[in-house]
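Chains as they are written, first to last, in our numbering: chain A, 1 to 331; chain B, 1 to 245. Just so it is clear, CB atoms sit at the ideal spot from N, CA and C, and this is done for glycine as well. See below for the structure under consideration.
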Amino acid sequence: MRGWRALGLLGGGAILLLFPLFLEQYKLYLASLTLVYLILAIGLNLTLGYAGQISLAHAGFMSFGSYAVAILGPLGVPFEGGIIVGTAIAFLWGLVLGFPALKVKHHYLAMVTLGFNIIVFLVLRNWESLTGGSFGISGIGRPHWGPLRFLSDRAYYYYILGWATLVVASAYWILHSRWGRAFRAIRENEMRAEVVGVSLRNYKLMAFAIGSAYAGIGGALFAPLLTYIDPGAFTLDRSIQFLMMVVMGGLGRFEGPFIGAVVVTLLPELLRASEGFYLIIFSLAVILMMLFMPKGLVAAWDWMVCRLTRRTVSPAHPPPPPEPAAVLEPE
Amino acid sequence: MPLLEIRQLSKHFFHLSALSHVSLSVEPGELLGLIGPNGSGKTTLFNCVTGVLRPSRGHVFYQGEDITKLTADAVYHRGISRTFQLIQLFPEMTVLENLLMAAQERTGTLFTRLLRRDETEETDRALKLVEYLGLSGVKDNLAANLSYGQQKLLDFGMALMPDPQVILLDEPMAGVNPTMIKALVTHIQDLNARGYTFVVIEHNMEVVMSLCRRIVVLSQGEKIAEGTPAEIHDNADVMDAYFGS
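Next up, the structure:
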C-alpha cells in the first residue's frame, strides 16, 4: 500500500509540474484556478468534513485574502506580506464566527454563516474608500522575489502550486494529529467527545479559524490570478460552490477536496461544448451523484483503488468480525 | 471526606421533575450500587454529575470542589469517567482509535496535542486494555461493526482508558450474556480492589446484590432507601417502588 501511495504522489507531482508546460493560456488559467479552489476546499473540508461545522461563509473569508493583497500590494507590501495579513484576518474572523458555532448547529449554523457572508459582501460593496465598492480593484500585481518574477501565467501557476503543496502538507499534518482525531470525534458524537474531555469550545473555534485561514490563503492567490476582484466574486453562490466541492468530493476524507475541486472547476468547462445546456447537465450530474454516491466521488476512488490493489474490501470498512462465543445480542 | 458528594440535587425538565432533592455520597474506593425502577432518574443523576446536564438545583462536590457548573470535559479532567446506557462510541473510528480518543485529552495542553506526535505510551495502554477486555481480535475494526456486547465492552474500556478515580457505569450488564456478565463482574471487582471507585446503575439484582456493599435506591426522582444489600432486600418501600403496593 505504501508503495502505491509513494508512486501516486510521485506521479501526481510530476504531472502537476510538467503538464503546464504544454498548456495554452486559458487551460493554464483553469489549472491555476483548480489549485486555488483546492486550497479553499481543503479549508472547508477541515471545518465541515472533519469537525462537522457547516460554513456558508467561505467566500467571505476568501475575500479577506483577496482584498488584503489587492489593497496592500500598491502600498509596497510584499505579496507574501499580503497573504499573511489576509490569512490572519480570515483566521481571526473565523474565531469570531466560531463562537456562534458553539451555540447553534446544523442548519441554524448554516443560517448564521450565510448571514456573515452577506454582511461581508455588503461591507465590500459599500466601503468604497477601501475596497473600491462595486467597481472593485483592478491591476492586482503578482508576486516577485527580487529578480524572480511570477508575472506570466505559467510562472504564477508554479507559485500557486508551491502554496497548494504547503497547504496540503499542513492540513495533512494537522489532521493526522490528536486535533484531527478530536475533530472527527466531535463530528461523530459531540456529547461523547465532551465526556472524554474534548473541549468543544477550543476545538470548534480552531476548526473554524483554521478552515477560514485556508480560505484566506486561497483568496490571496485568487486575486492576482484574475488581476481584478469585485464584491461579486465573493457572494453566497461561491460559498455554495465550495460546499459542493467538499460534499461531492467526499466529506471528511483527505482525498475529497482534490476530487471535488477538479470536478467542480473542470466539469462545467468540459460541458461547455453542449452550449446552453451545460448548466442543466452539470446540475443534473450533481443531483445524480448525491443520490447514488452520498459519500461523494471518493467512494468511486475507493472502489478503483480496491480493484487496482486486488483487494475485495476497502481498509476503512472491514467486514464485521465473527461473533465471539461469549457475546450475545441484547434481549 | 467523601470523594463524590451530591447535595440536594434536583433536575426539572419543564414541569416534569426528574430528580428532586437527591443527596448521596461516595467514599474513596467504594463500589456503590444505584438501583430503581425505569424512569426513576438514575441516568439523569449521572448526567448531572458528569456535566452532560446542568442540574436545576443542588450541588455536586468532587474532592471538596464544587463541580456543579462544570462542562463535561472539565469533569473528565477532574478524574470522573462514565459509560452510557445507550452505547455512545465514535462509530467511524477503530476500537483502538476510540480508546486513544478517550485518553488523549487527559494530558498536555491544546497546543502540545497538536505538536506531540508520539503515542507509544497510550497505544501500549490501549493494547493492554484491549487484551484485558478480550477485544484483541477486533482492535482494528470500526466500532460500528462490533456486536452489541463488544460495543458495551469498548464503552467500558473507554471509561477506564484515562485512568480515572471514579467510574460511573450505566447498566454495564444490560444486554450482555451471563458468561460475559461474570467476566465484567470480575473486572469491576478486580479494578475496585486496585483502588478505582465505582458507581454502578444496574437492573440485574443478583449482580448488584453480590457486587455492591452499599446500595442507593431511587424512585420517581427521589431517594427512597440506602443501605447494605440485605437491608435493601428487606425494605418494604423498595418492594413497593418496584412492584407497587
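About 7 angstroms separates the CB atoms of Phe79/A and Gly73/A; that is less than 8 angstroms, so the two are in contact. If the five residues before and after Glu171/B are omitted, its C-beta is found closer than 8 angstroms to the C-beta atoms of Gln85, Ile201, Glu202, His203, all from its own chain and listed in chain order. One alpha carbon belongs to Val264/A, the other to Pro257/A, and they sit about 10 angstroms apart. By the rule that beta-carbons nearer than 9 angstroms mark a contact, Met205/B does not touch chain A.
Here the stretch 223-233 of chain A lies against the stretch 129-141 of chain A, with 3 or more beta-carbon pairs under 8 angstroms apart.
Counting along the chain, the unbroken beta strand (DSSP E) around Ser81/B starts and ends at 80-82. The C-beta of Pro91/B comes closer than 9 angstroms to at least one C-beta of chain A. Chain-ordered listing is empty here: chain B has no CB closer than 9 angstroms to the CB of Gly94/A, the nearest sitting near 16 angstroms. Secondary structure note for Gly244/B: it is in no alpha helix (DSSP H), with a DSSP letter that is neither H nor E.
Apart from sequence neighbours up to five positions away, the residues of its chain that approach Leu46/A with a beta-carbon distance below 8 angstroms are Ala171, Ile174, Leu175, Phe183, Ala207, Ile210, Gly211, Tyr214, ordered along the chain. The DSSP-derived three-state label of Thr123/B is helix. DSSP places Val166/B in the strand class (E or B) of the three-state scheme. In this chain, Thr197/B is not harboured by any alpha helix (DSSP H); it is covered by the beta strand (DSSP E) spanning 197-201.
Within the same chain, Ile140, Arg142 come within 6 angstroms of Pro224/A by CB-CB distance, once the 5 residues on both sides are set aside.
For the stretch 80-109 of chain A, the beta-carbon criterion of a distance under 8 angstroms to any beta-carbon of chain B is satisfied by none of its residues. With fewer than 16 other CB atoms across the displayed protein chains lying within 10 angstroms of its CB, Trp145/A is exposed.
Within chain B, no residue has its beta carbon less than 9 angstroms from that of Arg154/A; the closest one is some 36 angstroms off. Rounded to whole angstroms, the separation of the alpha carbons of Ile167/B and Ser81/B is 5 angstroms. In chain order, Val264 place their CB closer than 7 angstroms to the CB of Gln241/A, counting only its own chain and leaving out the 5 sequence neighbours on each side.
Bridge partners of Leu32/B according to DSSP: Val199/B, Arg214/B. Bridge partners of Glu131/B according to DSSP: none are assigned. Counting every other CB atom within 10 Å of its CB across the protein chains shown gives Gln151/B a total of 16 or more, marking it as buried.
Three or more beta-carbon pairs drawn from the stretch 185-202 of chain A and the stretch 94-113 of chain B are found closer than 8 angstroms, and the two stretches are therefore classed as touching. In the displayed model, Lys223/B falls within a strand according to three-state DSSP. Fewer than three Cβ pairs drawn from the stretch 52-65 of chain B and the stretch 234-242 of chain B lie within less than 8 angstroms of each other, which leaves the two stretches out of contact. His187/B is outside the set of residues whose beta carbon lies under 9 angstroms from a beta carbon in chain A. For the beta strand (DSSP E) assignment, the uninterrupted runs of no fewer than 3 residues enclosed by the stretch 40-95 of chain B are, from N- to C-terminal side, 57-62, 80-82. C-alpha of Ser219/B to C-alpha of Ser17/B: approximately 12 angstroms in a straight line.
Burial state of Phe234/A is buried, judged by a 10 Å Cβ sphere holding 16 or more other Cβ atoms.
For Ile119/A, the enclosing alpha helix (DSSP H) has its first and last residue at 106-126. If you draw a straight line from the Cα of His15/B to the Cα of Thr44/B, it comes to about 15 angstroms. A straight-line Cα-Cα distance of about 12 angstroms links Val207/B and Ala183/B. In the structure shown, Phe13/B adopts extended strand secondary structure according to DSSP, grouped into three states. For Ala285/A and Tyr278/A, the gap between their C-alpha atoms comes out near 10 angstroms. Among the residues of the stretch 177-195 of chain A, those with a Cβ less than 9 angstroms away from any Cβ of chain B are Ser177, Arg178, Trp179, Arg181, Ala182, Arg184, Ala185, Arg187, Glu188, Asn189, Met191, Arg192, Ala193, Glu194, Val195, in the order of the chain.
Gly51/B has a beta carbon lying within less than 9 angstroms of a beta carbon in chain A.
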